[in-house]
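Single-structure report; data block below.
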Amino acid sequence: MFNDIPPVYLIVGSTIIFFVMGILAFIVRSKASERPISPKRIILPPLFMSTGAFMFFFEEFRVPLAQVVEASLVGLLFSLILIKTTNFERKDDNLYVKKSKVFIFILLTLLVIRLVAKLVLSSSIDVGELAGMFWILAFAMILPWRIGMLVKYFRVMKKP
649 MFNDIPPVYL
659 IVGSTIIFFV
669 MGILAFIVRS
679 KASERPISPK
689 RIILPPLFMS
699 TGAFMFFFEE
709 FRVPLAQVVE
719 ASLVGLLFSL
729 ILIKTTNFER
739 KDDNLYVKKS
749 KVFIFILLTL
759 LVIRLVAKLV
769 LSSSIDVGEL
779 AGMFWILAFA
789 MILPWRIGML
799 VKYFRVMKKP
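In the working numbering, the protein residues as written are 649 to 808.
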């Protein structure tokens, strides 16, 4: 599928897309704190992201087991930071995600780490395989984070 495209074009193209997605993440995150949070809004993002697993039907994106474990562990580590820094506040009868300057810094740091890792690893790992690894990392980060958010949500909702 990607064999006809020079790797440098794939790396540059995916880096540009990465920056656009990062900017969109900042915009979405800043708007999210303005609307009440609900279990549905917590659960849907990882559910939608899970469809990305279909990429593994294609040989170019398959990842060896050792790299699956590595990417999952890094994602879990990042999720712990997100779980710790995501909190809710009650306004009126609704819950909102607390605005946090730390969260934006964490998101920016994660984006930079991902970019640097991609540029370093792209010389030794095939671009498709690398895409699979980063999807695994992102999913291993988002799923536990959202589960943690859901637990916090129900805890805060129980409090009078």
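The beta-carbon is built from N, C-alpha and C at its ideal position, and this holds for glycine as well.
Cβ pair count under 8 angstroms reaching 3, the stretch 780-788 against the stretch 711-727: With the cut-off at 8 angstroms, the stretch 780-788 and the stretch 711-727 touch.
Hey, residue 758 and residue 690: beta-carbon distance below 7 angstroms or not? Looking up residue 758 in the sequence shown gives position 110. Looking up residue 690 in the sequence shown gives position 42. Contact: no.
Just list the residues that DSSP pairs residue 735 with in beta bridges. Along the sequence shown, one-based indexing puts residue 735 at 87. Assignment of beta-bridge partners to residue 735 by DSSP yields no partner.
Just the C-alpha distance for residue 750 and residue 696, rounded to the nearest angstrom, thanks. Stepping through the sequence shown from its first residue, residue 750 is reached at position 102. Stepping through the sequence shown from its first residue, residue 696 is reached at position 48. Rounded to whole angstroms, residue 750 to residue 696 spans 26 angstroms at the Cα level.
Buried or exposed for residue 730, please, with buried defined as at least 16 other CB atoms from any protein chain shown within 10 angstroms of its CB. In the sequence shown, the residue the question calls residue 730 occupies position 82. Counting Cβ neighbours within 10 Å, residue 730 comes out buried, since at least 16 surround it.
CB residue 681 to CB residue 747, shorter than 7 angstroms? Translated into the one-based positions of the sequence shown, residue 681 becomes position 33. Translated into the one-based positions of the sequence shown, residue 747 becomes position 99. Going by C-beta atoms, residue 681 is nearer than 7 angstroms to residue 747.
Run through DSSP, which three-state label would residue 711 get? To locate residue 711, count along the sequence shown from 1; it is residue 63. It is coil, neither helix nor strand.
Boundaries of the alpha helix (DSSP H) in which residue 663 is found, first to last residue: For this step, residue 663 is matched to residue 15 along the sequence shown. Its alpha helix (DSSP H) spans residues 655-680.
For residue 744, list the residues DSSP reports as bridge partners. As a first step, residue 744 must be located in the sequence shown, where it is residue number 96. Looking at the DSSP assignment, residue 744 forms a beta bridge with 737.
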